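Since the structure comes first, as structure tokens, the remarks are kept for the end.
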Amino acid sequence: LEPEVRWHIPDLVGTYNAYDPARVYLVHTNIKSAEFTLYRLATGDFAAIQSRAYDYEPPATALLRQWSQAIEAPLNKTTATPIDLAPGGGALPPGLYLLDVNSPQLRADYGPYARRHVLVVSNINLTLKTSGSEALVWATDYRSGQPVSNLSLKFYTWDDRQIGAATTDANGVARLTGSNVNSAWSDEPFTAIASNWARGIAPYDFGLGGYYGNPEARYNTYIYTDRPIYRPGQTVDFKGIVRAEQDVKYTLPDVTRARVTIYSPNGETVFDRDLTVSPLGTFFGDVTLADGAALGDYTLNAQINNETFSSYFTVAAYRAPEFEVLVTPKDSNIVRGQSTSAQVNVNYFFGGGVVNRPVEWNVLAEDYFFTPPWGGSYSWQDVDDPWICFDCWWFSRYAPPPQPILSGRGVTDRNGALSIDLPGDLKDANGQPITQSVRLIVEATVTGADNQVISGRGSITRHSGEFYVGVQTRDYVGEENRPAAVDVIAVEWDGSRLANKAIEVSVVRREWQNRFIENEFGGGAWQSEVKDTPVTTLNVNTNDQGEASITFTPPQAGSYKITAKAVDDGRREIRASVFMWVTGREFVSWRRDNNDRISLIGDKSSYAPGETARILIPSPFQGEHWALVTIERGGLLRHELLRITGNSQIYELPITADLAPNIYFSIVLVKGQDDTNKLSDYKVGLLPIEVRPIAQTLNITLTPDRSTALPGEVVTYRVRATTGDSLPVQAEFSLDLVDKAVLSLKPRVPDAIVQGFYGKRGLNVNTASALSVSVNKYSAELQQRLDEGLRQRVTASTAELPAGGGGAAPMAPEPTMAA
5 LEPEVRWHIP DLVGTYNAYD PARVYLVHTN IKSAEFTLYR LATGDFAAIQ SRAYDYEPPA
65 TALLRQWSQA IEAPLNKTTA TPIDLAPGGG ALPPGLYLLD VNSPQLRADY GPYARRHVLV
125 VSNINLTLKT SGSEALVWAT DYRSGQPVSN LSLKFYTWDD RQIGAATTDA NGVARLTGSN
185 VNSAWSDEPF TAIASNWARG IAPYDFGLGG YYGNPEARYN TYIYTDRPIY RPGQTVDFKG
245 IVRAEQDVKY TLPDVTRARV TIYSPNGETV FDRDLTVSPL GTFFGDVTLA DGAALGDYTL
305 NAQINNETFS SYFTVAAYRA PEFEVLVTPK DSNIVRGQST SAQVNVNYFF GGGVVNRPVE
365 WNVLAEDYFF TPPWGGSYSW QDVDDPWICF DCWWFSRYAP PPQPILSGRG VTDRNGALSI
425 DLPGDLKDAN GQPITQSVRL IVEATVTGAD NQVISGRGSI TRHSGEFYVG VQTRDYVGEE
485 NRPAAVDVIA VEWDGSRLAN KAIEVSVVRR EWQNRFIENE FGGGAWQSEV KDTPVTTLNV
545 NTNDQGEASI TFTPPQAGSY KITAKAVDDG RREIRASVFM WVTGREFVSW RRDNNDRISL
605 IGDKSSYAPG ETARILIPSP FQGEHWALVT IERGGLLRHE LLRITGNSQI YELPITADLA
665 PNIYFSIVLV KGQDDTNKLS DYKVGLLPIE VRPIAQTLNI TLTPDRSTAL PGEVVTYRVR
725 ATTGDSLPVQ AEFSLDLVDK AVLSLKPRVP DAIVQGFYGK RGLNVNTASA LSVSVNKYSA
785 ELQQRLDEGL RQRVTASTAE LPAGGGGAAP MAPEPTMAA
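Quick note on numbering: the sequence shown equals residues 5 to 823 in our numbering.
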């Protein structure tokens, strides 16, 4: 094999606890000696070295130490060797260092990417939270875990520009208003943090989406038309509502003009005009479509200063229907085996049922993938593909199109109604029983006297059982002969947790036996057969939080399928499974840990203002430790420091109206060094919380002076607007009167204005921690695995001694690890 070297580090830049010996592992193949060069850099170079570490040339005066070391390792065996960076295996003083390695055995063109390592050595751990408008740093001592006050910090952007400075308060917290913060550091005492030090703690690691909008946006504008669909030659009336926004906090805008442009499907400009924005932040206008206007979707853009907002409407040569078809299921949710029904109502738009009219109906089934509203990284389905990563941000779930499973015909009764009965024992298109969760789409189609075909639909969610079980592994990748932890959970259909549910967890090792099948033309193809070898089966009951866990030890490398199974009161089997890759000692260096996160537990997933959210913090640490609590969304809304003395503390969060429509409760736990925790450590939790926008939503009633009217009569409407607590409020209205038959062709989106201003928001706060790139932790985990491997080989060698023989067991080979 070609000679190779690389550092066993979490990233190019790694942090070191200055209280502990400075040691790092060198991973190498076919190397006989190594030459090391250690530089101590000026702390002011931290921002620069972040962006150009590989081509950075340290000054000669920065040289601190050069030394050589003989390397002993088997031929063609990738091996890890500990390297002490301070003479005698001691600690390095706090500072910024650059470490290079070379070897006579390496090629002359062997690049710097594997040979270079930047060290941030400090007594102080930093946590950095950044958003589009501010940054927060929390400083704690590595040894005690206590907050560090009076620490002067400088803040820098990605392009090495200092944008501010701040000093930590008594809680160890410093805040800075400003965008594009990438790093922060202190000269004396030295410590540093960068925003990309976030291994395993980004929002997508928690199964949550991030915010991908423009953090510099100042406005939010909702634009709508009097109806969604038009014919050529008709007039389009539109209105826009403009508000100045700061993370879902709205005020009247400071703008007086809006540039409105409308484009046809062909890109032709059909309207382009400056419109006045009223003191209430609204603008309106109209455009008459040409008789020969292009058919398709039109785009309406409104430019507010330098920001552009869009809306859309459709132009079609439609014919308004005379009647509508409504499908109303008896139940919105049913369990497998439960029969139900749906009623079809065929009504004329002018009133009355369409009597004695033939109805064709179909029932289609599409896959339903259960996900609780609180997110999480559990698997809720019985998967059979080890490559599926449900909680990865890039994962796009494929779902086949709905499949027809039932059909029939009927005739409407004297009220224009027809009832459809759905049996409990549903079968798919191939005649096989449907056991998984599905969404049933009941579709009814009626042909009118004028041969116009009108359809209506309703849906029913058919759950596989009376509740769901979820399963997740704490490590994405495990190691043979090392215990692996698995978490299971039981929840209701609405995501509420279920206590005291019996769950069976089974583990099998999966292998694929591949055969090449030749064809008659001399070619062929590979075919694989699955072989599952049982490993263990364990039974657990969920606790008060609906959770339980098991531990198993994979006996060898390979792919393992872990299945959680429960049985409900109807004797229905409920299953969920997840795969785990297990490496042997030859592959442990690519392990991807998932254990710097904790699962926060809220008593509910949705709250109204005035309520209190009770959040369980399941800390894994013993004894006293500290926690930074932040309420986040587009930025940092609140923060608080907690001193924690137990491992199941309840945090009570008062829910106020300004938290609507949703927030993210975040906690960073930091533990110093003591008898229960040899290394400084940390955990991060993130919990999404929905807050209903009651205070921000107006209640509007529209009351006509009559229920029916003849052509030519005048109908008077009374409009009343009240707040969420039923108080009258002055408001500006737009009123439109549209044929319901036209709206049946393209219905309005329900609550569109509320969603436009108070729809769910993603998380625009990034959390980074110096401990996420801790070389002390990374090396300790490797050393533990190497020690375990050595003990296992010594034990195996002892067991192989002849019976009755004396003497010592043969020495085990040096522990090794794979590239």
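Heads up, the beta-carbon is just placed ideally off N, CA and C, and yes, glycines get one too. Computed from a prediction, not measured in an experiment: that's the story for all the values here.
Give a yes or no on whether the C-beta atoms belonging to residue i and residue j are separated by under 8 angstroms.
i           : j           : result
residue 22  : residue 125 : yes
residue 149 : residue 167 : no
residue 286 : residue 736 : yes
residue 446 : residue 325 : no
residue 143 : residue 151 : yes
residue 641 : residue 635 : yes
residue 5   : residue 80  : yes
residue 770 : residue 136 : no
residue 264 : residue 308 : no
residue 680 : residue 626 : yes
residue 120 : residue 178 : no
residue 418 : residue 350 : no
residue 609 : residue 378 : yes
residue 695 : residue 611 : yes
residue 304 : residue 227 : yes
residue 536 : residue 512 : yes
residue 703 : residue 726 : yes
residue 426 : residue 415 : no
residue 45  : residue 100 : yes
Put residue i into one of helix, strand or coil per three-state DSSP.
i           : result
residue 34  : coil
residue 207 : helix
residue 313 : strand
residue 653 : strand
residue 92  : helix
residue 661 : helix
residue 685 : strand
residue 477 : strand
residue 371 : strand
residue 821 : In this prediction, residue 821 has a pLDDT of 38, which is less than 50 and means its spatial position is unreliable; what the coordinates show is noted afterwards. It is coil, neither helix nor strand.
residue 677 : coil
residue 307 : strand
residue 788 : helix
residue 265 : strand
residue 280 : strand
residue 503 : coil
residue 494 : strand
residue 546 : coil
Return the Cβ separation of residue i and residue j in integer angstroms, given the expectation that the two are a contact with Cβ distance under 8 angstroms.
i           : j           : result
residue 619 : residue 706 : In fact, because the Cβ distance is near 41 angstroms, the residues do not count as touching under 8 angstroms.
residue 674 : residue 129 : 7 angstroms
residue 600 : residue 778 : So it is not a contact: roughly 10 angstroms between Cβ atoms.
residue 47  : residue 159 : Not a contact, Cβ separation roughly 14 angstroms.
residue 335 : residue 458 : 25 angstroms between Cβ atoms; not a contact.
residue 468 : residue 439 : 6 angstroms
residue 471 : residue 621 : Going by Cβ atoms, the distance from residue 471 to residue 621 rounds to 25 angstroms, so no, they are not a contact pair.
residue 52  : residue 790 : Going by Cβ atoms, the distance from residue 52 to residue 790 rounds to 36 angstroms, so no, they are not a contact pair.
Taking residue i as part of the alpha helix (DSSP H), name the residues at either end of that continuous run.
i           : result
residue 211 : Run containing residue 211: none; DSSP gives neither H nor E here.
residue 746 : 744 to 749
residue 169 : Residue 169 -> not in any alpha helix (DSSP H); beta strand (DSSP E) instead, spanning 166 to 171.
residue 53  : 50 to 55
Check whether the Cβ of residue i sits closer than 7 angstroms to any heavy atom of the ligand GTP, and report yes or no.
i           : result
residue 323 : Looking at this structure, you won't find the ligand GTP or any other ligand, since it has none at all.
May I ask which residues mark the beginning and end of the beta strand (DSSP E) holding residue i?
i           : result
residue 359 : Taken as a continuous stretch (DSSP letters only), residue 359 belongs to no beta strand (DSSP E), as it is neither H nor E.
residue 347 : 344 to 352
residue 138 : 138 to 145
residue 245 : 239 to 249
residue 726 : 721 to 726
residue 708 : 703 to 708
residue 407 : 407 to 415
residue 290 : 286 to 292
residue 698 : It is not in any beta strand (DSSP E) - residue 698 carries neither H nor E in the DSSP assignment.
residue 554 : 551 to 556
Quiz item: Counting only runs that start and end within the region 97 to 124, where is the beta strand (DSSP E) found for 3 or more residues in a row?
Solution: Scanning the region 97 to 124 for uninterrupted beta strand (DSSP E) segments of 3 residues or longer gives 99 to 106, listed from N- to C-terminal end.
Quiz item: Mind pulling the alpha helix (DSSP H) runs of 4 or more residues that sit fully within the region 734 to 786?
Solution: DSSP runs (the alpha helix (DSSP H)) wholly in the region 734 to 786: 744 to 749 and 756 to 762.
Self-check item: 3 or more residues per run - each beta strand (DSSP E) lying fully within the region 569 to 648
Solution: Runs found: 577 to 587, 616 to 621, 629 to 636 and 640 to 648.
Self-check item: Within the region 437 to 485, ranges of the beta strand (DSSP E) (whole runs, at least 3 residues)
Solution: If we require 3 residues or more, the beta strand (DSSP E) runs fully inside the region 437 to 485 come out as 442 to 451, 457 to 467, 472 to 477 and 481 to 483.
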